[in-house]
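2 protein chains.
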Amino acid sequence: MSTSSEDLRSIALAEFATAGYAGTSLHRIADIAGLSKSTVLYHYSSKETLLEAAVAPAIDRMTQILEALEVRTLSAEGRLAFLSEFVDFLLEYRREVHMFINQGPSLVDVPVIDRANELVIRLAKFFAANTASVEEKMRFGIALGGAAYMLCTQDSLGFDNTPVEETRAALITILTGLLAPGAASASAATLTTANGI
Amino acid sequence: MSTSSEDLRSIALAEFATAGYAGTSLHRIADIAGLSKSTVLYHYSSKETLLEAAVAPAIDRMTQILEALEVRTLSAEGRLAFLSEFVDFLLEYRREVHMFINQGPSLVDVPVIDRANELVIRLAKFFAANTASVEEKMRFGIALGGAAYMLCTQDSLGFDNTPVEETRAALITILTGLLAPGAASASAATLTTANGI
DNA sequence: ACAGGCTCTGACCGATCGGTCAGCTAATTT
DNA sequence: AAATTAGCTGACCGATCGGTCAGAGCCTGT
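Chains as they are written, first to last, in the numbering used here: chain A, 1 to 197; chain B, 1 to 197.
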């Protein structure tokens with residue numbers, strides 16, 4: 001894997017996430033990378049291949065997390081531990097998650113995006129089972145969509161130079177309060193400090 | 001304003017919100033409306049004009065809300081009353097808000113979207129003033145982005161046939177807890193019932 | 001020195017994009 | 001009845017889209 005390939009992958013991911021897949025041309029990606037459009041199609045045989053390469057790591061990681069999750073039963077502590085793991089996932093793959101969430105419906109014919117949509121549904125089923133109330137389902141949607149949006153808009157919200165540790169700790173606190181209202185703040189504080197923040 | 005004009009406006013809004021402005025062709029809008037592309041350009045002189053017509057009502061309403069907000073000072077009750085008003089705004093203009101939030105950065109050269117972006121910034125400044133902590137700014141981002149996402153994805157989250165009143169009451173409860181942690185649940189319940197739900 | 005990959009490029013292709021224009025039809029105005 | 005207007009359409013335009021292809025430059029192994 002050459003340097004150009006990795007450059008193109010990260011440039012494409014950033015552009016797809018902000019301008020949208022349809023709104024980003026191969027010419028633009030090539031320009032940013034300082035290459036020609038032909039070179040982009042040399043490294044990735046098509047625009048769709050480039051998209052798949054851009055989001056594949058996030059999908060693999062998400063699949064892995066979900067499989068481990070669906071095996072073990074979920075105690076109250078296990079739920080909080082999973083939340084901590086999921087926050088790390090969100091922090092690392094914020095742009096990919098933002099893409100899945102906001103462009104998933106319009107990219108249904110792309111196989112890799114279909115897999116992502118399926119993962120989101122599986123996650124939703126875990127967090128808000130069929131027996132869950134409407135409010136619980138809404139809480140899950142707000143947590144997922146809100147976190148992805150917020151993490152991709154830090155600059156516009158005015159805290160883009162915040163250290164990652166602080167963002168992580170605050171996000172765990174907020175999501176804990178959102179998804180487990182009631183027995184929230186105490187457990188969240190315990191979890192936050194337990195992870196060495 | 002003929003029937004076709006209004007049809008095209010609502011079709012365009014729905015398509016722009018789900019597939020993105022760049023990802024939606026005038027041909028597709030015309031097809032859905034059962035008209036020709038030429039007819040779309042007869043009613044709206046350009047694609048950008050159609051976008052402006054689609055989002056203008058939401059921008060006007062949001063401007064009106066913000067101006068009224070920035071005049072009066074904000075007591076604790078006033079803040080909750082505003083939240084109730086803002087939830088109504090979100091419910092009515094969910095697709096427009098979803099557009100502003102997710103496509104705002106990529107449509108900076110469109111004047112009407114610039115106005116929308118400016119409104120979001122003004123709203124952020126109200127909710128999380130410059131003195132606000134990072135966590136408070138994050139809470140605002142999650143609330144805004146999360147509510148817009150959740151309301152536009154009800155079907156995928158499995159509660160699309162929920163009556164509006166229930167959605168509204170739950171959203172007020174959730175957002176109150178998100179934006180005013182601590183003195184949340186009691187006030188939220190009071191506000192919810194006070195609005196006749 | 002030479003042969004063979006790797007990386008990269010410009011020229012070119014058909015399809016689709018947003019947009020223009022002349023003109024059709026049916027209703028309305030005078 | 002004649003003229004005008006609103007609503008709509010297909011043909012067409014230049015620009016840009018994703019994608020193909022032959023080949024140039026370069027580095028490595030023989």
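Backbone N, C-alpha and C fix where the C-beta goes; we use that ideal spot for every residue, glycine too. Note that this is a predicted model, so its numbers are computed, not measured.
Cα-Cα separation between residue i and residue j, rounded to whole angstroms
i	j	result
A:Y128	B:K47	The sequence shown places Ala at residue 128 of chain A, rather than the Tyr named in the question. If I take the Cα positions, the gap works out to 40 Å.
B:A143	B:L179	8 Å
A:M99	B:A12	21 Å
B:L171	A:V134	10 Å
B:R9	B:L50	7 Å
A:P105	A:A76	33 Å
A:K137	B:S156	11 Å
B:S25	A:F89	35 Å
A:T18	B:N102	8 Å
B:N117	A:R72	44 Å
A:V120	B:L80	32 Å
A:V97	B:R168	27 Å
A:D160	A:Y149	13 Å
B:G158	B:A56	30 Å
B:G146	B:T176	14 Å
B:A68	B:F82	10 Å
B:A54	B:A14	9 Å
B:I65	B:A124	14 Å
A:P111	A:R139	28 Å
A:E70	B:I174	27 Å
B:R122	B:I113	14 Å
A:D109	B:T63	38 Å
A:V164	A:L91	8 Å
A:A30	A:T131	49 Å
B:L41	B:R28	13 Å
A:L35	B:S36	39 Å
B:E166	A:P181	18 Å
A:T162	A:S84	19 Å
A:S45	B:S45	38 Å
Where residue i falls: helix, strand or coil (DSSP)
i	result
A:G78	helix
A:Y149	helix
B:S25	coil
B:P105	helix
A:Y212	Because residue 212 of chain A is not part of the residues shown, which for chain A are 1 to 197, the question remains open.
A:V164	helix
B:T201	Lying before the first or after the last residue shown, residue 201 of chain B is absent from chain B, which here runs from 1 to 197.
A:Y44	coil
B:V120	helix
B:G34	coil
B:R72	coil
B:A188	For B:A188, the pLDDT reaches just 41, beneath the cut-off of 50, and the residue's location in the model is therefore unreliable, although a value from the coordinates is still provided. Helix.
B:G158	coil
A:P111	helix
A:I197	Here A:I197 scores only 34 on pLDDT, less than 50, and its place in the model should not be relied on; the value that follows carries that caveat. Three-state DSSP puts A:I197 in coil, outside helix and strand.
B:A170	helix
A:P181	coil
B:E52	helix
When the options are compared against residue i, the one with the closest alpha-carbon
i	options	result
A:F126	A:V55, A:G78, A:E165	A:G78
B:C152	B:T3, B:F16, B:D7, B:R9	B:F16
A:R115	A:G20, A:E52, A:I32	A:E52
B:R61	B:N117, B:F86, B:S156	B:F86
A:T3	A:H43, A:S38, A:G20, A:R28	A:H43
B:G141	A:Q154, A:T131, A:G141, A:A132	A:Q154
A:D7	A:I59, A:Y21, A:S84, A:T39	A:T39
B:G23	B:P163, B:T162, B:L107	B:L107
A:A33	A:S5, A:E70, A:T162	A:S5
A:A58	A:Y93, A:Y21, A:P181, A:E165	A:Y93
B:G20	B:K37, B:R95, B:L35, B:L41	B:R95
Element boundaries [alpha helix (DSSP H), containing residue i]
i	result
A:S10	3-19
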